Amino acid sequence: MKSLWNEADAGPLSDDPLQLRVYSSRLLGGDPSLVLHGGGNTSVKTQVADLFGDPVQVLYVKGSGWNLGTIEAAGFAPVRMDVLLRMAQLAQLSDSDMVKYQRAAMLDPNAPTPSVEAILHAIIPFRYVDHSHADAICTLCNTPDGEARIRQLYGPNMFYVPYVMPGFELARAVYEMTRNVDWRQLSGILLMSHGLFTFADSARESYEKHIALVNQAEEYLAAHAQTAAPANTEAARENLPALARLRRAVSHTMGAPVLAVSDAAAETVRFANLPNVADVATRGLLTPDHVIRTGRIPLVLSGDTTIAPAQIDADVAAFAQAYAAYFERNTNGSVTMLDAAPRWAVWPGAGTVAFGRTVGAVNIINDIKRHTIRAIQAAQALERWQTLGEREIFDIEYWELEQAKLKKGGSTPPLQGKIAIVTGAASGIGRACVMALHAQGAAVAALDIQPQIQEMYEQPGVLGLVCDVTKDQELQQAVAETVRRFGGIDILIGNAGIFPSSQPIAHMGREQWERSLALNLTSHQRLL
């Protein structure tokens, strides 16, 4: 890993701490091996004038819902430093109250909710603070001798914190642990099984410290990895009816329709074909916050692409029963159980399958899954993949802040998770159908004979496919690609057709007659 700092880009921002914070945050967030889909956070401490013109010390910290890779100045919440520092001294505080009082201390009520780690950022006595969930560091942590390896690698100048639940509990723990620490001697803070903090009064120094420390972990993994046994490199096999059956079973368990998107990339198939995949894939997560997206563990199907439909149903049912048992083992009775459906599955011979209500949700799951698969294999090559216990993961999955979102609920589009095919989708009624279905939440395969259909729709949930619906092979290929990309079919709109000029049947040529019947009648029957 190398620094991407460019003084030509950063130099003009040197007089604006917040814009410089935006610049270096994007550098950090642009590398998915450091942060994924909203993970990590950054901050800068500065002085601003309040409504009355009085100077106020403020922490600009990443707001909830923003990704570091694309963050703007508006994505940082300005919170009064004096309030955050006093909050750190409290003996106890619920995370819900912490969020409430952090919002009350913001100078801009329209800014996003501050990160749950805002207090931790505040107590670090440096201007710029960077925090990531670096894959390499979390991989090292997720081995039996992880802490010893980490301490050996970084030495006495790193401040080590055993795993603590994020939020107020973590901030309070670090506050107590660092009361007598000489911060100037520290290279960073390493939160076991969580991630890395670096800090400095210079944005560049904090960022480049971060990159250098992560690079050390990457080099350690590469240098100490043992030669792994060769994996089964057989090409992926496909069973689209079985994929659709799997989608149906998962949708039933979730209580709502989902997309089921397969990943047959070579590295994914190699992982799925590991002899011990049912063991290593279900040991836990790369970092605990991933549980909100991917669940604690995947479903591992008990057969390859020849698996019987009834066995697919049985595997999903067994997963749901195991999830319910996990919930009962860990609940204190005050939380509501989430649905018991898997968020992804390992399918020997085929790769993996991700389940989500939207294409965006599926893409996030797939990204996290790929990073997790690489980390599992790196840890196995080093020693053994061993993660946090289920209790710690349960606490994140059923965190009061997440439960509050669940209770608040919210409406979802009526066709979310449904899959539609529309023929004749390049114009007119067909195009209107595609747009209406997409607006209602459906994933749509838009079929048309016109080549421009492939570029016509930029929406992530719309797949443009060139298809002459009067040709059986093209129609079969289009249906197969729809199932391959989304997991099944729920809605068919046969809109393709032609309107020949009006004339008596006796005067109509045979070719025109047969083409009209083939497109306006036979193609719809074949599609069904």
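The sequence shown maps to residues 31 to 558 in our numbering. The C-beta atom is built at its ideal place from N, Cα and C for all residues, glycine as well. As the structure is a computational prediction, the values presented were derived from the model and not from experiment.
| Check | Outcome |
| --- | --- |
| Buried versus exposed, by CB contacts within 10 Å (16 or more), residue 446 | buried |
| Which listed residue (374, 126, 450, 433) has its alpha carbon closest to that of residue 364 | 433 |
| Delimiting residues of the beta strand (DSSP E) encompassing residue 90 | 85–92 |
| Cα-Cα separation between residue 279 and residue 160, rounded to whole angstroms | 42 Å |
| Assigned exposure category for residue 102 - 16 Cβ within 10 Å defines buried | exposed |
| Where the beta strand (DSSP E) through residue 77 begins and ends | 71–79 |
| Residues of its chain near residue 117, where Cβ-Cβ distance is below 6 Å and the 5 sequence neighbours each way are ignored | 149 |
| Stretch pair the region 328–344 + the region 413–429: three plus CB contacts closer than 8 Å | no |
| Where residue 238 falls, given that 16 or more other Cβ within 10 Å makes a residue buried | buried |
| Exposure label - residue 453; buried when at least 16 CB within 10 Å | buried |
| Top-ranked residue by Cα proximity to residue 528, from 500, 512, 506, 516 | 500 |
| Reduced DSSP secondary structure (H/G/I, E/B, other) of residue 529 | coil |
| Length at least 4, wholly inside the region 145–190: the alpha helix (DSSP H) runs in chain order | 148–153, 165–171, 176–184 |
| According to DSSP, residues forming a beta bridge with residue 450 | 474, 521 |
| Cutoff 8 Å; reference residue 119; Cβ partners in own chain excluding five residues on either side | 205 |
| For residue 200 and residue 153, believed in contact at Cβ under 8 Å, the rounded distance | Going by Cβ atoms, the distance from residue 153 to residue 200 rounds to 11 Å, so no, they are not a contact pair. |
| Residue 293 - containing beta strand (DSSP E), residue span | 289–293 |
| Range covered by the beta strand (DSSP E) that runs through residue 374 | 374–377 |
| DSSP-derived helix/strand/coil call for residue 82 | coil |
| Residue 394, enclosing alpha helix (DSSP H) - first and last residue | 389–412 |
| C-alpha gap between residue 328 and residue 233, whole angstroms | 39 Å |
| Same chain only: Cβ atoms within 6 Å of residue 481, ignoring 5 sequence neighbours per side | 496 |
| Beta bridge counterpart(s) of residue 586 as assigned by DSSP | The shown model of the chain, from 31 to 558, leaves out residue 586, and the question about it has no answer. |
| As assigned by DSSP and simplified to three states, the class of residue 211 | coil |
| Cβ neighbours of residue 124 in the same chain (closer than 8 Å, five flanking residues each side left out) | 198, 430 |
| Local Cβ density within 10 Å of residue 533, reported as buried at 16 or more and exposed below that | exposed |
| Three-way DSSP call (helix, strand, coil) for residue 335 in this model | coil |
| Beta carbon of residue 88 nearer than 8 Å to that of residue 78 | yes |
| For residue 342, three-class secondary structure by DSSP | helix |
| Residues of its chain near residue 248, where Cβ-Cβ distance is below 7 Å and the 5 sequence neighbours each way are ignored | 31, 166 |
| Beta-ladder partner(s) of residue 227, from DSSP | 161, 219 |
| Buried or exposed (CB count within 10 angstroms, at least 16 for buried), residue 318 | buried |
| Span separating the alpha-carbon of residue 302 from that of residue 256 | 20 Å |
| When 370, 293, 352, 420 are compared against residue 360, the one with the closest alpha-carbon | 420 |
| Presumed contact (8 Å Cβ cut-off) between residue 143 and residue 104, rounded CB distance | At roughly 13 Å, the Cβ-Cβ gap does not stay under 8 Å, so residue 143 and residue 104 are not in contact. |
| Contacts around residue 395, its chain only, beta-carbon distance under 7 Å, and the 5 residues preceding and following it disregarded | 323, 324, 373, 374, 384, 386 |
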